[in-house]
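A short write-up of the structure that comes next.
In the numbering used here, the protein residues as written are 443 to 585.
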């Protein structure tokens, strides 16, 4: 993983003005996405699809913070680098590492036809709920 500035210098993150409206909308989507996932009966047939949504909810919540700070990401790796550089202490090493691991797992699902089992998705859902809650609290309090 490269430092965050690599993604900015490579135009994989664009500098933009802070957009509170978009940040709130992205966070709303992340929260609603998690509500949708939690309403589903998780089984072997839908676990991989729901896992993609878990990762997406986490990504949307990071994206919301980035937009609030004036960054528009065009790379999933850039969102991890952003967290690593600016919010590792706020989110905690465990959640940041899980987010990155889920990014890799999601890529494997999308591009290598991998799948996840029910146990893995249940763990990921717990992490995602903590992650999105932290991001939402950050947006509300501006910590």
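Where a beta carbon is used, it is the ideal one built from N, C-alpha and C, also for glycine.
Counting the other Cβ atoms within 10 Å of the Cβ of residue 560 gives fewer than 16, which makes it exposed. Annotated three-state conformation of residue 444 is coil, per DSSP.
For residue 486, there is no enclosing beta strand (DSSP E), as DSSP gives it neither H nor E. Distance between residue 516 and residue 465, taken at the CA atoms: about 16 angstroms. For residue 477, same chain residues with a beta-carbon under 6 angstroms away, outside a window of 5 residues either side, do not exist. Between the alpha carbons of residue 580 and residue 553 lies a gap of roughly 33 angstroms.
Beta-bridge partners assigned by DSSP to residue 518: none are found.
Rounded to whole angstroms, residue 523 and residue 582 show a C-alpha spacing of 23 angstroms. Here residue 495 is buried. Its C-beta has 16 or more other C-beta atoms within 10 Å. Assigned with DSSP and collapsed to three states, residue 558 falls in coil, not helix or strand.
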